[in-house]
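In what follows, a structure is listed as structure tokens, so that the remarks can point back to it.
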Amino acid sequence: MMDRACVCKLCRYACHRKCCLKLTTKCSKKYDPELSSRQFGVEVSRLTNEERTVPLVVEKLINYIEMHGLYTEGIYRKSGSTNKIKELKQGLDTDVNSMNLDDYNIHVIASVFKQWLRDLPNPLMTFELYEEFLRAMCLQDKKEVIRGVYSIIDQLSRTHLNTLERLFFHLVRIAGQEDTNRMSANALAIVFAPCILRCPDTIDPLQSVQDIGKTTA
Numbered sequence: 001m002m003d004r005a006c007v008c009k010l011c012r013y014a015c016h017r018k019c020c021l022k023l024t025t026k027c028s029k030k031y032d033p034e035l036s037s038r039q040f041g042v043e044v045s046r047l048t049n050e051e052r053t054v055p056l057v058v059e060k061l062i063n064y065i066e067m068h069g070l071y072t073e074g075i076y077r078k079s080g081s082t083n084k085i086k087e088l089k090q091g092l093d094t095d096v097n098s099m100n101l102d103d104y105n106i107h108v109i110a111s112v113f114k115q116w117l118r119d120l121p122n123p124l125m126t127f128e129l130y131e132e133f134l135r136a137m138c139l140q141d142k143k144e145v146i147r148g149v150y151s152i153i154d155q156l157s158r159t160h161l162n163t164l165e166r167l168f169f170h171l172v173r174i175a176g177q178e179d180t181n182r183m184s185a186n187a188l189a190i191v192f193a194p195c196i197l198r199c200p201d202t203i204d205p206l207q208s209v210q211d212i213g214k215t216t217a
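Heads up: the sequence shown begins at 1 in UniProt numbering, then just goes up one per residue.
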């Protein structure tokens, strides 16, 4: 599974081989087995293995939303209760396998999924590829933009790529019910682009604000 990636022996951070020299993320120099149940704020590579190519927490949340929230108006636009979001997040961090999502409002579940994406130390579209992605989005020819984006996505580690593909498949299903849930492809892009593509800390905050428009074009 990791034939396309380099994996740190200390913290288990993974990235594409071509991105190793561009790394801005520092090694934590430790892997604490006591934190192995954590689902939020950890590298995607810690939540996957040969058998599980997409993190269980992602599959659990997405599958529930597809079963119970596909036709819910504003499924990813409306937010759930802050206290319930915190409660569900803590529950998933404690025991993702036994967590019963039936106890929570669908907007809480959708909000927690977005939070999982935002909490990743390195987003699905990694910091190392941020500049390349922006350059591709600035190309004049739409075919060149698509070709450039695919080329960049192909540089992702297998763990990031598998999770990104699952997310895209999910968003296609959501957008397919736009007449009912009022979530168009453009609306979903506005919601999820900042979750999966974030600027590194080394970039000026004002510049990052200007970049937002490019990521949702």
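From the three backbone atoms N, C-alpha and C, an ideal C-beta is built for every residue, glycine too.
Check                                                                                   : Outcome
Selection from L92, N181 and F127 that minimises the alpha carbon distance to V112      : L92
Within 8 Å, strictly: CB atoms of Y76 and Q177                                          : no
The alpha helix (DSSP H) enclosing V149, as first and last residue numbers              : K142 to I153
Contact set for A185: own chain, Cβ-Cβ below 7 Å, skip 5 residues either direction      : A175
Beta-carbon proximity of F66 to R173, cut-off 8 Å                                       : Rather than Phe, the amino acid found at residue 66 in this sequence is Glu. Closer than 8 Å, so yes.
Cβ pair count under 8 Å reaching 3, the segment 149–168 against the segment 45–52       : yes
N122 in three-state terms, based on DSSP                                                : coil
Member of K142, V191 and R198 whose CA lies at the smallest distance from the CA of S79 : V191
Whether N162 touches V54 by CB criterion (8 Å)                                          : yes
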